[in-house]
Amino acid sequence: MKTSHLSLAALLVSIVSVAGCSDRHSSSRKNAENTPATASAPRADEWLGKWTGPEGTFLELAGGHGKYDVTVQNLDGPRKFEGRYADGGIEFDRDGTREIIRATDGAETGMKWLVGKKNCLTVRTGEGYCRD
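The sequence shown finishes on residue 224 if you use my numbering, and the numbering steps up by one all the way, no holes.
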């Protein structure tokens, strides 16, 4: 009787150990999948280059793999910012405000000049840039 209890206890310890190792492995794999360089940054990397807005405005993105140089040309001239992958887009700080560049269509930019365009990036409503 003692032998069967010991065997059962050894079996339970083995199962718990294997399950624990399995959980650690899957959780580290999930964390790796959520890092910018492996999962989502390549989508943002597709946005590299120049995007045009109305009246000579543009957005230009350079870099990649989760770190970006963001140039915004508005009516006051060009400004440069350091961007980073975050929340499915490219995040940067402008004048104390956290901005996120995200993929949209022209209607979602909130700009009548861009309605009907399909391939756009929006910083905030009323500030968008598209590729024709």
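The beta-carbon is built from N, C-alpha and C at its ideal position, and this holds for glycine as well.
(message) Please report the distance separating the alpha-carbon of Ala129 from that of Lys172.
(response) Since pLDDT at Ala129 reaches only 45, below the 50 mark, its modelled position is unreliable, and the value read off the structure follows with that caveat. Distance between the alpha carbons of Ala129 and Lys172: 23 Å.
(request) For Gly198, name the three-state secondary structure that DSSP assigns. (result) Gly198: helix per DSSP, three-state reduction.
(message) Across the segment 203-211 and the segment 154-168, are there enough close Cβ pairs to call them in contact, namely three or more that are closer than 8 Å?
(response) They do not touch, by the three-pair rule.
(request) Grab the span of the beta strand (DSSP E) containing Asp185 for me, first residue to last. (result) That run of the beta strand (DSSP E) goes Gly181 to Arg186.
(request) Have a look at the DSSP bridge pairing and note the partners of Val164. (result) DSSP output for Val164 lists Leu151 and Arg171 as bridge partner(s).
(message) At the level of alpha carbons, what is the spacing between Gly155 and Ile192?
(response) CA-CA distance, Gly155 to Ile192, rounds to 16 Å.
(request) May I have the straight-line CA-CA distance separating Gly169 from Asp187, to the nearest angstrom? (result) Going by C-alpha positions, Gly169 is about 15 Å away from Asp187.
(message) Quick check on Lys204: does DSSP put it in helix, strand or coil?
(response) Three-state result, Lys204: helix.
(request) Tell me where the beta strand (DSSP E) around Trp143 begins and ends. (result) Where Trp143 is concerned, the enclosing beta strand (DSSP E) starts and stops at Gly141 to Thr144.
(message) One question on the structure: do Tyr221 and Thr163 come within less than 8 Å of each other, judged by their Cβ atoms?
(response) Using a Cβ distance threshold of 8 Å, Tyr221 and Thr163 do not count as a contacting pair.
(request) Go through its chain and collect everything with a Cβ distance to Phe184's Cβ below 6 Å, but skip five positions before and after it. (result) The answer, listed in chain order, is Val162, Phe173, Gly175 and Glu191.
(message) Buried or exposed, going by whether 16 or more other CB atoms sit within 10 Å of the CB of Leu151?
(response) So Leu151 counts as buried.
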